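Visitor: The following block contains the structure, expressed as structure tokens.
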Amino acid sequence: MIQKTCLTTLLIFVLMSVVMLEVGYMKEKTIVPELTLEQKATDIQYFAKLVRDQYPFAEINVKIKRLHDIKSLEKIYLKKALATKNNEDFYEVFKEYLFEIQSSHGNIINEEMVNNLNGWAPRYFYGVSKKAISRVGYWSAIDKKLLDRWYAYSYLDTIYGNGKNYLLSDYHSQETNGKILPAGTVIEKINGVNTDDYVEAQSDKLHLNFDPVFHKLFLHEPVVMNPGNSPGWQVEFGLPDGTPYQTLISKRPPHNPAQSYPNTYCAELSEDVGYIRVFSFMDGEFTAKDFQTIKEFIEKAKGKYKKLIIDIRENIGGNPQAWMDSIMAPLIKKPLVYQDNVAIRRKMFAFGFKFFLYKLLGSHVPYNFTSPAYHCKKVEELSSWPGFDSKSWRFFRFTREIRPEKTLPFNGRIFLLTTTHCVSASEMFVTTVKKTGFATIVGMRTGGGAAALVTVPYFALPESGIVFRMDVDYVFNPDGKSNEINCTEPDIDLNPEFPPKSLKKNILMKDPWIKKVIAY
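Per the numbering used here, the sequence shown runs over residues 330 to 849.
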């Protein structure tokens, strides 16, 4: 045991030394020569095989979401790739292909990711080549131009709920000639196409949510694809009184306002209600900083809060260790034990887990969800799972135990606010809350994308060197159904709302969901 620990420590030291030596190399921008037809075909066929062998949702995408089957996609995108005239066109085709499989974490790695820890994780834990890493800057520059061509923005404030897209707030513009389209107005058609069909047609440009109740794909903001030379979109509405109305909805300039609040924000809403907003589950030093913010807030209250609202609306994830250690452990009085169940394609272990560092370093590998850092106490391999072929899949059950640590003076009831934007590590938080009863879940069904075995792997196309991620975990909900499809239902289901843009107390107190919790 001592020898193994020493060997592990030595390997980590050597690894970090190599990383420091190669940082400069990884930040270089390499010009990629124009790909030949043979190289383009090789890349598309490589990705198609990767999807066949490792992607867990190929079958349910066809059966449940009614998307293209993977054999058809391979033929379609091989033909498209061979028709491309240059690298920019090829990049666009591959990005469309990656979107088409609708992987929750399916994304192409950009320069920003290379410049932080996740930049070298592909290199050393997943075997992505130096060549591929050095080309990230080249492909990122192409991607920026592509985003401008693909997407545009409207002034509509829309949301999806109960099977329809509708206005969340009143809308009027020069095009409506002063007429006000009231909140609740339904978006019936976009550019002459039924909204549902219009959304489904964007499966090669956007990750689409799935509504398991109405069995349909949806977007909260369907008016988002660039209309080209047109000044906007022709949108047909259904007013609340049933009257139809059609008008041009103009494009607006893009804007990305900087977040004016810290990652974790706390406020006292009343003498006995506390409020914590967490924008993302950031790891490392940020986890410690977030915990300190929560600690100071709860300790200052000296146990007077009867209710604590934890608001993770639009929190799209991060590292689950953040919520385990900075939220759950300090707010519980006794250990919480729960299980995660997951299926992995057998061929993933022939390819994805061939990386020797994962096998050698074991629980010391960053983001290995079977490690003690993620409170994993027991790993079991199951022989079967209903509806799955054990010849093609392996099944695992992970037992986790979160114990009280750095306990804070709170004895009230916790309410967790969720929306469909809660995905990835946020989804994992909500599923854990559901399993353990840590809090009452309030709001909307989440967005899925939970993992259980390991963080989403990195891959690289062999010829172009485009680096990307793709899900490999098929996580099951407690009822045995797919988390990717069914996500997590709230305990208290509310009408769809987005969180307030301001966190001023008077604004928060007007929020319908917060008012519901206070009155509950």
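Beta carbons: idealized from backbone N, C-alpha and C, even for Gly.
Predicted model, so just to flag it, every value in this text is computed and none were measured.
1) If contacts are defined as beta-carbon pairs under 8 angstroms, then residue 434 and residue 785 qualify, I think. What distance do you get, rounded to the angstrom?
2) Going by DSSP in three states, residue 534 sits in which element: helix, strand or coil?
3) Helix or strand or just coil, what does DSSP make of residue 634?
4) Among 723, 705, 803, 706, whose alpha-carbon lies nearest the alpha-carbon of residue 713?
5) Quick one: Cα of residue 535 to Cα of residue 752, how far?
6) Compare the beta carbon distance of residue 650 and residue 612 with 8 angstroms and say whether it is the shorter of the two.
7) For the structure I just gave you, are there three or more beta carbon pairs, one from the stretch 503–523 and one from the stretch 562–581, closer than 8 angstroms?
8) Would you tell me roughly how many angstroms separate the C-alpha atoms of residue 429 and residue 373, rounded to the nearest one?
9) With three or more C-beta pairs closer than 8 angstroms as the rule, is the stretch 815–823 touching the stretch 771–781?
10) Report all residues from its chain with a CB closer than 6 angstroms to the CB of residue 658; omit the five preceding and five following residues, and keep chain order.
11) Grab the span of the beta strand (DSSP E) containing residue 579 for me, first residue to last.
12) Judging by CA-CA distance, which residue of 652, 409, 646 is the nearest neighbour of residue 533?
13) Going straight from the alpha carbon of residue 592 to that of residue 404, what length do you get?
14) List the endpoints of the continuous beta strand (DSSP E) containing residue 728.
15) For residue 800 and residue 571, what's the separation of their Cα atoms in angstroms?
16) What separation, rounded to the nearest whole angstrom, lies between the Cα atoms of residue 564 and residue 551?
17) Going straight from the alpha carbon of residue 826 to that of residue 715, what length do you get?
18) Taking just the CA atoms, how far does residue 497 sit from residue 487?
19) Would you decide whether residue 412 is buried or exposed? Buried here means 16 or more other CB atoms lie within 10 Å of its CB.
20) Tell me the rounded alpha-carbon separation between residue 829 and residue 459.
21) Run through the DSSP bridge pairs and tell me what residue 597 is partnered with.
22) What residue from 790, 823, 643, 367 has the CA that sits closest to residue 379's CA?
23) Report the three-state DSSP secondary structure of residue 466 (helix, strand or coil).
24) Can you tell me whether residue 755 is helix, strand or coil according to DSSP?
25) Here's the rule I'm using: 16 or more other beta-carbon atoms within 10 Å means buried, otherwise exposed. How should residue 617 be labelled?
26) Using three-state DSSP, classify residue 835 as helix, strand or coil.
27) Residue 580 to residue 718, Cα distance in whole Å?
28) Counting Cβ pairs, one atom from each stretch, are 3 or more of them under 8 angstroms apart for the stretch 703–713 and the stretch 595–605?
29) Buried or exposed: residue 711, going by 16 or more other Cβ atoms within 10 Å of its Cβ?
30) Does DSSP classify residue 562 as helix, strand or coil?
31) Could you pull the DSSP bridge partners for residue 665 from this structure?
32) Residues in the same chain with beta-carbon distance under 7 angstroms from residue 519, minus the five sequence neighbours each way, listed in chain order, please.
33) Whole beta strand (DSSP E) runs in the stretch 504–558 with 3 or more residues, listed along the chain?
34) Looking at the structure shown, is residue 483 part of a helix, part of a strand, or coil, going by DSSP?
35) Figure out for me which residue from 634, 669, 365 has the closest Cα to the Cα of residue 602.
36) Just tell me which of 843, 834, 804 has its CA closest to the CA of residue 821.
Guide: The structure says:
1) On the sequence shown, residue 434 is found 105 positions in, with the first residue counted as 1. On the sequence shown, residue 785 is found 456 positions in, with the first residue counted as 1. In this structure residue 434 is in contact with residue 785, their Cβ atoms being roughly 4 angstroms apart against a cut-off of 8 angstroms.
2) Counting from one through the sequence shown, the residue named residue 534 turns up at place 205. Three-state DSSP puts residue 534 in coil, outside helix and strand.
3) Here the question's residue 634 lines up with position 305 in the sequence shown. Note: residue 634 maps to coil in three-state DSSP.
4) Walking along the sequence shown from the start, residue 713 turns up at place 384. When only C-alpha atoms are compared, the closest one is 723.
5) The residue given as residue 535 occupies position 206 in the sequence shown. The residue given as residue 752 occupies position 423 in the sequence shown. Cα to Cα, the separation comes out at about 15 angstroms.
6) As a first step, residue 650 must be located in the sequence shown, where it is residue number 321. As a first step, residue 612 must be located in the sequence shown, where it is residue number 283. Contact: yes.
7) yes
8) Walking along the sequence shown from the start, residue 429 turns up at place 100. Walking along the sequence shown from the start, residue 373 turns up at place 44. Between residue 429 and residue 373, the C-alpha separation is close to 13 angstroms.
9) yes
10) Reading the sequence shown from its first residue, position 329 is the one you call residue 658. Excluding its 5 nearest sequence neighbours in each direction, residue 658 has C-beta neighbours in its own chain below 6 angstroms: 731, 734, listed in chain order.
11) Stepping through the sequence shown from its first residue, residue 579 is reached at position 250. Taken as a continuous stretch (DSSP letters only), the beta strand (DSSP E) holding residue 579 covers 573–581.
12) The residue labelled residue 533 in the question sits at position 204 within the sequence shown. It is 409 whose Cα lies nearest to the Cα of residue 533.
13) On the sequence shown, position 263 is the one that residue 592 refers to. On the sequence shown, position 75 is the one that residue 404 refers to. Their Cα atoms are separated by approximately 44 angstroms.
14) By 1-based counting over the sequence shown, the position of residue 728 is 399. Looking at the DSSP string, the run of the beta strand (DSSP E) that includes residue 728 is 722–731.
15) For this step, residue 800 is matched to residue 471 along the sequence shown. For this step, residue 571 is matched to residue 242 along the sequence shown. One C-alpha to the other measures close to 43 angstroms.
16) Position 235 of the sequence shown, counting from 1, holds the residue named residue 564. Position 222 of the sequence shown, counting from 1, holds the residue named residue 551. Using only the alpha carbons, I get a separation of about 11 angstroms.
17) For this step, residue 826 is matched to residue 497 along the sequence shown. For this step, residue 715 is matched to residue 386 along the sequence shown. Rounded to the nearest angstrom, the two C-alpha atoms are 36 angstroms apart.
18) Counting from one through the sequence shown, the residue named residue 487 turns up at place 158. Counting from one through the sequence shown, the residue named residue 497 turns up at place 168. Using only the alpha carbons, I get a separation of about 5 angstroms.
19) Walking along the sequence shown from the start, residue 412 turns up at place 83. Its Cβ having fewer than 16 others within 10 Å, residue 412 is exposed.
20) Mapped onto the sequence shown, residue 829 falls at position 500. Mapped onto the sequence shown, residue 459 falls at position 130. Roughly 44 angstroms separates the two Cα atoms.
21) For the purposes of this step, residue 597 is identified with residue 268 of the sequence shown, where counting begins at 1. Looking at the DSSP output, residue 597 bridges to 603.
22) Mapped onto the sequence shown, residue 379 falls at position 50. Ranking 790, 823, 643, 367 by Cα distance to residue 379 puts 790 first.
23) Reading the sequence shown from its first residue, position 137 is the one you call residue 466. Residue 466 falls in the helix class under three-state DSSP.
24) Sequence index remark: in the sequence shown, residue 755 carries index 426 (1-based). Residue 755 sits in a helix when the DSSP states are folded into three classes.
25) Position 288 of the sequence shown, counting from 1, holds the residue named residue 617. Counting Cβ neighbours within 10 Å, residue 617 comes out exposed, since fewer than 16 surround it.
26) Residue 835 sits at position 506 when you count from the first residue of the sequence shown. Helix.
27) Along the sequence shown, read from residue 1 onward, the residue named residue 580 stands at position 251. Along the sequence shown, read from residue 1 onward, the residue named residue 718 stands at position 389. Going from the Cα of residue 580 to the Cα of residue 718 covers about 49 angstroms.
28) no
29) On the sequence shown, residue 711 is found 382 positions in, with the first residue counted as 1. Exposed, by the Cβ-count rule.
30) Within the sequence shown, the letter at position 233 stands for residue 562. In the structure shown, residue 562 sits in a strand (DSSP, three-state: E or B).
31) For this step, residue 665 is matched to residue 336 along the sequence shown. Per DSSP, 731.
32) To locate residue 519, count along the sequence shown from 1; it is residue 190. Counting only Cβ-Cβ distances below 7 angstroms, and skipping sequence neighbours, we find 527, 551, 552, 562, 564.
33) 515–519, 538–540, 545–547
34) Within the sequence shown, numbered from 1, the residue matching residue 483 stands at position 154. The answer is strand: DSSP assigns residue 483 an E or B state.
35) As a first step, residue 602 must be located in the sequence shown, where it is residue number 273. Nearest option by C-alpha distance: 634.
36) What you label residue 821 is simply residue 492 of the sequence shown in a count that begins at 1. Residue 843 is the option with its Cα nearest to residue 821.
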